[in-house]
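Visitor: Before I ask anything, here is the structure I am working with.
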Amino acid sequence: MAFKCFILALFITISIFSIDVTLATRHLLQSFQPSIPNLPVIPTLPKPTLPHLPSLPTLPKPTLPLLPSLTTLPKPTLPHLLPPLPPLPTLSKPTLPPLLPPLPKLPTLPHLLPPLPTLPKSTLPPLLPPLPTFPKPMLPPLPTSPSFPTMPTLPKPAL
171 MAFKCFILAL FITISIFSID VTLATRHLLQ SFQPSIPNLP VIPTLPKPTL PHLPSLPTLP
231 KPTLPLLPSL TTLPKPTLPH LLPPLPPLPT LSKPTLPPLL PPLPKLPTLP HLLPPLPTLP
291 KSTLPPLLPP LPTFPKPMLP PLPTSPSFPT MPTLPKPAL
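Here it is, written out as structure tokens:
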């Protein structure tokens, strides 16, 4: 519902804004007739005359020998059929060598280095001396503001 109202308001707003523009455009179109400026005439240039191209000489046509026709060609003779090829020998399936034996487990190495000794923790002296402490300054109390009299209220009449 709100979207329809927004579209209607937008359409009315655009219509109101376009009224003055269309009137101004119509007024300008009716009152101002632009004149087309006279363009200068371009003179025609004389066409250059080209010399005549020499004509190609005519070459004599060579005579081609006649191609043999199908009737004049000798018929090919088929050679005797070859004996059929012997069948391929069947090969037995190759046997694979036995797989390698499993690798032995590596022995565990004893600890060659003894554990490192633990060093005692050292405490460093402080780099800066401690700052001196000062007592907090006491500020004097703020003066109390004078009390203003309150406005008297009238009792409400009973109805």
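For the record, in the sequence shown the residue sitting at position 10 is 180 according to my numbering, with numbers rising by one throughout. No residue lacks a Cβ here, since even glycine has one placed at the ideal position from N, Cα and C. On a predicted model such as this, the values are computed, not experimentally measured, just so you know.
(1) Which residues bound the alpha helix (DSSP H) around residue 212?
(2) From residue 264 to residue 285, what does the alpha carbon distance come to, in whole angstroms?
(3) Look up residue 222 in the DSSP assignment and say whether it is helix, strand or coil.
(4) Return the chain-ordered list of same chain residues with a C-beta closer than 8 Å to the C-beta of residue 177, the five sequence neighbours on each side being excluded.
(5) Between residue 290 and residue 273, what straight-line distance do the alpha-carbon atoms span, to the nearest angstrom?
(6) Residue 182 to residue 323, Cα distance in whole Å?
Guide: Quick answer:
(1) For residue 212, there is no enclosing alpha helix (DSSP H), as DSSP marks it with neither H nor E.
(2) Near 57 Å, if we compare the C-alpha coordinates of residue 285 and residue 264.
(3) Three-state DSSP puts residue 222 in coil, outside helix and strand.
(4) Excluding sequence neighbours, residue 177 sits near nothing in its chain.
(5) So the alpha carbons of these two residues sit roughly 47 Å apart.
(6) In a straight line, the C-alpha of residue 182 is about 57 Å away from that of residue 323.
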